[in-house]
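Right, one structure below, let's go through it.
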Amino acid sequence: MRMTHTNIGLNRICRLFGVTRQAYYQHLNRSLDTELWHELVVQEVIKIRAHHPRIGTRKLYVLLEGFMLEHQIKMGRDALFDLLSTYGLLIRRRKRLVKTTQSHHWLKKYSNLIKDFVPVSPNELYVSDITYWKIANTYLYIHLITDAYSRKIVGYELSETLEAEHSIKALQMALSSLDKNANRYLIHHSDRGVQYCSYKYVKLLQDYQIQISMTENGDPLENAIAERVNGILKEEYLSCYEIDTFKEAKGLLEQVINLYNNERPHMSIGNLVPEKVHSNQLKKGDRKWKNYY
Numbered sequence: 001m002r003m004t005h006t007n008i009g010l011n012r013i014c015r016l017f018g019v020t021r022q023a024y025y026q027h028l029n030r031s032l033d034t035e036l037w038h039e040l041v042v043q044e045v046i047k048i049r050a051h052h053p054r055i056g057t058r059k060l061y062v063l064l065e066g067f068m069l070e071h072q073i074k075m076g077r078d079a080l081f082d083l084l085s086t087y088g089l090l091i092r093r094r095k096r097l098v099k100t101t102q103s104h105h106w107l108k109k110y111s112n113l114i115k116d117f118v119p120v121s122p123n124e125l126y127v128s129d130i131t132y133w134k135i136a137n138t139y140l141y142i143h144l145i146t147d148a149y150s151r152k153i154v155g156y157e158l159s160e161t162l163e164a165e166h167s168i169k170a171l172q173m174a175l176s177s178l179d180k181n182a183n184r185y186l187i188h189h190s191d192r193g194v195q196y197c198s199y200k201y202v203k204l205l206q207d208y209q210i211q212i213s214m215t216e217n218g219d220p221l222e223n224a225i226a227e228r229v230n231g232i233l234k235e236e237y238l239s240c241y242e243i244d245t246f247k248e249a250k251g252l253l254e255q256v257i258n259l260y261n262n263e264r265p266h267m268s269i270g271n272l273v274p275e276k277v278h279s280n281q282l283k284k285g286d287r288k289w290k291n292y293y
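Read in order, the letters of the sequence shown correspond to residues 1 to 293 in full-length UniProt numbering.
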């Protein structure tokens with residue numbers, strides 16, 4: 001009002017609205033603080049999104065907590081949602097279109113062993129899946145193995161085909177980091193795709209005395225963690241880049257999985273990062289999550 005009617009004195013304005021000069025200046029300072037806070041937070045969000053292009057608002061809030069504390073910024077999660085909406089920074093989810101599972105085959109299929117199983121430490125349950133990645137005018141396939149307790153991606157392979165040898169390479173990567181003494185307590189869970197039922201894949205699991213578990217139908221909830229990891233990699237990271245060659249794709253995937261394992265917090269593990277949980281770098285009282293597998 002004072003900006004519009006410059007001939008009106010501050011004392012008169014305060015009398016009209018029934019406030020003191022002190023209250024007026026306090027309100028003005030709060031407004032300036034809020035504008036500054038918003039600018040700082042938006043710039044930090046843009047900085048985070050440079051590495052995590054489609055990370056959601058809840059995860060952003062966790063990553064921003066230290067920054068806001070350092071700058072004495074008071075902002076709740078709902079306020080962050082509103083701010084990102086104002087600046088057009090909210091993320092819209094994309095739908096999955098391509099099916100990668102071929103379960104109509106003659107190979108032996110295994111029962112679902114994890115219906116009532118809850119892992120209580122790393123390397124007790126691995127979940128595997130294959131997802132597609134569209135680049136240029138073709139599709140690539142990402143073979144993933146994730147630890148169900150820590151959510152860490154422990155094995156992966158990128159391929160141009162769906163042949164079993166690529167899933168085997170992902171499994172070999174996962175097994176290479178295992179403590180040999182822990183292997184006999186490990187369950188490997190997957191869908192009934194031909195890759196996971198193949199002779200070489202099954203034999204490798206059996207050689208390590210790993211129990212084999214498979215879904216019983218096409219319900220994604222039977223392999224929910226693996227499906228969720230697929231979505232995170234594609235929706236929050238890979239879909240944000242234009243890739244032309246297999247070589248470029250392979251390099252980007254390695255970078256993205258490193259970011260996922262070491263920087264991206266997960267609500268399902270108490271807003272910690274997978275690597276910290278997987279390597280047992282937890283302080284007393286850090287474990288605040290439940291398993292809903």
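The beta-carbon is built from N, C-alpha and C at its ideal position, and this holds for glycine as well.
It should be emphasised that the depicted structure is a prediction, and the values quoted were computed from it without experimental measurement.
Using a Cβ-Cβ distance cut-off of 8 Å, determine whether LEU140 contacts chain D.
Absent here is chain D; the protein component of the structure consists of one chain.
Limits of the unbroken alpha helix (DSSP H) element including MET173
164-176
Note to self: Let me make sure I understand the geometry here. Which of LEU272, ASN271, LYS234 and TYR260 has the alpha-carbon closest to that of ASN133?
What the structure shows: One point to set straight first is that residue 133 is Trp, not Asn, in the sequence displayed. Out of LEU272, ASN271, LYS234 and TYR260, LYS234 has the C-alpha closest to the C-alpha of TRP133.
- Task: Figure out for me which residue from ALA170, ALA148, THR57 and ASN137 has the closest Cα to the Cα of GLU275.
- Result: ALA148
Notebook entry, point to check: If we ignore side chains and look at the alpha-carbon of each, how far apart do VAL62 and LYS200 end up?
Noted result: 42 Å
*Would LYS74 be called buried (16 or more neighbouring beta carbons within 10 Å of its own) or exposed?*
exposed
Identity of the residue in LEU186, SER121, THR161 and GLU157 nearest residue 302 by Cα
Within the shown structure, residues of the chain are numbered from 1 to 293, placing residue 302 beyond reach of any answer.
message = Please return the same chain residues whose Cβ sits closer than 7 Å to the Cβ of GLU236, not counting the five positions on each side in sequence.
response = HIS52, PRO53, ARG54 and ILE55
Chain-order list of residues whose beta-carbon lies under 6 Å from that of TRP106 (same chain, five-residue window excluded) = Here TRP106 scores only 48 on pLDDT, less than 50, and its place in the model should not be relied on; the value that follows carries that caveat. If we look at TRP106 and ignore the five residues flanking it on each side, it has no Cβ neighbours.
Discussion item. Counting C-beta neighbours from all protein chains within 10 Å, is the total for TYR214 16 or more, i.e. buried, or is it exposed?
Written reply: Here residue 214 is Met; the residue named in the question, Tyr, does not match the sequence. The residue in question, MET214, is buried, as its Cβ has 16 or more Cβ neighbours within 10 Å.
| said: Is it buried or exposed, ARG151, if we count other Cβ atoms within 10 angstroms and call 16 or more buried? | reply: buried
Self-check item: Exposed unless 16 or more other CB atoms sit within 10 angstroms - verdict on VAL120
Solution: exposed
Requested in this report: Report yes if the CB atom of VAL194 is closer than 8 Å to the CB atom of ALA164, and no otherwise.
Outcome: yes
Quiz prompt | Reduced DSSP category for TYR196 - H, G, I as helix; E, B as strand; rest coil | solution = helix
Can you list, in chain order, the residues of its chain with a C-beta nearer than 7 Å to that of TYR241? Leave out the 5 residues immediately preceding and following it. LEU252
Query raised in the report: Using a Cβ-Cβ cut-off of 8 Å (strictly less than) and excluding sequence neighbours within five positions of residue 296, which residues of its own chain qualify?
Result: Within the shown structure, residues of the chain are numbered from 1 to 293, placing residue 296 beyond reach of any answer.
Limits of the unbroken alpha helix (DSSP H) element including LEU83: 77-86
Would SER31 be called buried (16 or more neighbouring beta carbons within 10 Å of its own) or exposed? With a pLDDT of only 47 at SER31, under 50, the local geometry of the prediction cannot be trusted, and the value read off the model is given with reservation. Exposed, since its Cβ has fewer than 16 Cβ neighbours within 10 Å.
ask   = What does a CB cutoff of less than 8 Å around TYR238 pick up in its chain, not counting 5 residues either side in sequence?
value = According to the sequence provided, residue 238 is Leu. The question's Tyr does not apply to it. Within the same chain, LEU238 has close Cβ partners TRP133, LEU252, LEU253 and VAL256.
Q | Span of the alpha helix (DSSP H), counted from its first residue to its last, around PRO60 | A | Pro is not the amino acid found at residue 60; the sequence shown has Leu there. Counting along the chain, the alpha helix (DSSP H) containing LEU60 begins and ends at 57-70.
Quick check: what's the CA-CA separation for THR138 versus ILE130?
16 Å
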